[in-house]
Amino acid sequence: MPIPFLDLKEQYLSIKDEIQAALARIFEDANFVLGRAVEDFEEAFAEFCDCQYGIAVNSGTSALQLALWANGVKQGDEVITVSNTFIATAEAISLVGATPVFVDVDPTSMNMDVTKIEEKITDKTRAIIPVHLYGQPVALDSLLAIAQRNQLLVIEDACQAHGAWYQGKKVGSFGQAGCFSFYPSKNLGAFGEAGMVVTNDGEIAVKLRALRDHGQRSKNVHEFIGTNARLESIQGAILGVKLKYLPEWNEKRRQIASLYNELLQGGGDLVLPREDGPSQRVYHLYVIRTGYRDKLYDYLKAAGIGVAIHYPTPIHLQPAYRELGYKKGDLPVAERSAQEVLSLPVYPEMTEKQIAEVTREIKKFFARHLNK
Ligand SMILES: *Cc1c(COP(=O)(O)O)cnc(C)c1O
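Residues 163 to 534 (our numbering) are what the sequence shown spells out, left to right.
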């Protein structure tokens with residue numbers, strides 16, 4: 163039996179009745195954009211993130227873009243982030259007219275190397291976007307100290323880290339705003355596109371609510387030029403149902419990760435994911451690293467195992483960002499990790515048998531390759 167990278171149907175079947183009841187209420191109310199279901203979910207998710215306000219939007223990309231926009235980041239500004247992330251992190255910066263500035267990553271955590279932030283700060287720098295990659299929190303204590311010292315905004319990209327803690331507080335609650343994606347494959351996924359900004363700043367919250375809805379403060383009063391980034395009621399209702407299960411699902415992913423760690427220990431020329439510092443990570447992705455990545459990828463695919471690469475080309479080497487003038491070798495750690503990372507299947511519905519099968523194949527691969 164093939165083992166998929168993710169099994170969203172299995173998850174739906176486990177909560178089918180609740181989802182259908184929630185959807186029936188939306189269809190009968192016939193109020194399809196924002197509304198009560200979205201408001202209830204905003205409140206519940208903000209609380210889940212230890213934040214006062216939640217502003218639901220139509221994607222994680224919109225969440226990042228609107229968070230920068232609401233905080234006044236604009237044309238001519240520079241925003242520091244990393245290159246080994248989903249392109250949306252950088253796009254959001256470009257979409258408000260600012261320029262992304264990439265700092266290299268730490269070779270152990272593969273998260274932003276906070277010791278390299280200050281050398282990238284210029285008089286144009288306005289903000290830092292740390293990305294909690296794969297669900298592993300960035301070293302926020304040093305990062306926040308640097309931001310404070312240099313009067314920079316911090317906008318967290320928590321799109322892969324729903325429910326991760328850092329020093330006892332949820333990620334997303336540390337900076338001026340925390341941004342989440344509820345793309346279907348995320349730890350908390352909609353049945354379509356969805357995202358949210360969480361914040362403790364009441365003024366920013368009011369501004370975000372206006373920006374996502376054509377800059378409207380009240381009906382037909384357009385205070386600023388905004389956009390349409392509203393969330394559909396259907397997605398709010400589904401996410402409201404699923405949020406209750408998120409802690410349980412995150413825990414299952416954790417158990418799967420520790421079983422992988424146990425079974426893969428000494429299983430070949432590979433580096434396993436770690437738990438770093440004062441944080442409790444979540445496993446959006448379980449990512450191993452190996453110098454044999456491409457061969458292992460092909461081998462596992464051929465064996466019917468769903469694997470993926472996050473991400474094969476760092477953003478500074480993407481054609482879209484050619485004009486920034488980066489070249490190969492500028493961010494050596496991020497570039498090397500792009501060649502070594504491999505994401506194994508990890509989802510709450512995975513069985514022990516499936517996990518054992520994945521690890522057996524990986525060991526088989528290394529036994530063959532390393533003995534040649
Ligand atoms: C998924 C993701 C996004 C974008 O979210 P969308 O909802 O797909 O727009 C941004 N940043 C990171 C790190 C992500 O993983």
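Ideal Cβ placement from N, Cα and C applies to all residues, glycine included.
Throw me the rounded Cβ distance for the A367 and G388 pair, which I believe falls under 8 Å. So it is not a contact: roughly 14 Å between Cβ atoms.
Is any non-hydrogen atom of ligand 1 found closer than 8 Å to the C-beta of C321, if you look at the structure I gave you? At least one heavy atom of ligand 1 is nearer than 8 Å to the Cβ of C321, so yes.
Just checking my contact of V293 with T247 at CB under 8 Å: how many whole Å lie between their CB atoms? Taking 8 Å as the upper bound for CB-CB distance, V293 and T247 are in contact here, some 4 Å apart.
Where do the ends of the beta strand (DSSP E) carrying I242 lie? It spans 240-244 - the beta strand (DSSP E) in which I242 sits, taken as one unbroken run.
One question on the structure: do L170 and G351 come within less than 9 Å of each other, judged by their Cβ atoms? Yes, Cβ-Cβ distance for L170 and G351 is below 9 Å.
Under 9 Å, do L401 and R451 count as touching if we go by C-beta distance? No, the pair does not count as a contact, with Cβ atoms beyond the cut-off.
Quick check on DSSP: helix, strand or coil for R288? It is a strand residue.
beta-carbon S380 near ligand 1 non-hydrogen atom, thresh 8 Å: Between ligand 1 and the CB of S380, the shortest heavy atom gap is not smaller than 8 Å.
The beta strand (DSSP E) that contains I217, what's its start and end? It spans 215-219 - the beta strand (DSSP E) in which I217 sits, taken as one unbroken run.
Limits of the beta strand (DSSP E) - the one that D319 falls within: Per DSSP, D319 belongs to the beta strand (DSSP E) from 315-319.
Residue ranges of each alpha helix (DSSP H) run of no fewer than 4 residues wholly in the stretch 432-516, ordered along the chain? Counting only runs of 4 or more, we get 455-464, 494-502.
Can you round the beta-carbon distance between I188 and I396 to whole angstroms, since I take them to be within the 8 Å contact cut? Contact between I188 and I396 holds, with the beta-carbon distance rounding to 5 Å and staying under 8 Å.
Quickly, what does DSSP pair I165 with across the bridge? List them, please. According to DSSP, which records beta bridges pairwise, I165 is partnered with I467.
In whole angstroms, what separates the C-alpha of C321 from that of G453? The straight-line gap from Cα to Cα measures roughly 28 Å.
Could you tell me if E190 is buried or exposed, where buried requires 16 or more neighbouring beta carbons within 10 angstroms of its beta carbon? Exposed is the call here.
Cβ-heavy atom distance between A229 and ligand 1 below 8 Å? Every heavy atom of ligand 1 is 8 Å or more from the Cβ of A229, so no.
Mark L175 as exposed unless 16 or more other C-beta atoms lie within 10 angstroms of its C-beta, in which case mark it buried. Around the Cβ of L175, a 10 Å sphere holds fewer than 16 other Cβ atoms; the residue is exposed.
Round the Cβ separation of L314 and A289 to the nearest angstrom and send it over; I've been treating them as touching at under 8 Å. That belief holds up - the Cβ atoms of L314 and A289 are roughly 6 Å apart, short of 8 Å.
Under 8 Å from any heavy atom of ligand 1, does the C-beta of Y407 make it? Placement of the Cβ of Y407 at a distance of 8 Å or more from every heavy atom of ligand 1 is found.
Given a cut-off of 9 Å on the beta-carbon distance, is the pair V244 and V235 in contact? Their beta carbons are not under 9 Å apart, which means V244 does not touch V235 by this criterion.
Please determine, among M163, E523, K463, Y459, the residue with the shortest C-alpha to C-alpha distance to P474. Distances from the CA of P474 to each of M163, E523, K463, Y459 were compared; the closest alpha carbon is that of Y459.
G357 CB to nearest heavy atom of ligand 1 below 8 Å: G357 Cβ: within cutoff of ligand 1.
Based on the DSSP secondary-structure assignment, which residues constitute the bridge partners of K278? BP columns for K278 are empty, so no partner.
Can you tell me which of the three DSSP states Y328 falls into? In this structure, Y328 counts as strand in the three-state DSSP scheme.
Give me the Cβ distance between K332 and D212, rounded to the nearest whole Å; I'm assuming they're in contact under 8 Å. Rounded, the Cβ-Cβ distance is 5 Å, consistent with contact.
Quick one: is the Cβ of F336 within less than 8 Å of any heavy atom of ligand 1? A distance criterion of 8 Å places the beta-carbon of F336 beyond contact range of ligand 1, judged by its closest non-hydrogen atom.
Please determine if the stretch 250-259 and the stretch 226-234 are in contact, where contact requires at least 3 C-beta pairs separated by less than 8 Å. Three or more beta-carbon pairs drawn from the stretch 250-259 and the stretch 226-234 are found closer than 8 Å, and the two stretches are therefore classed as touching.
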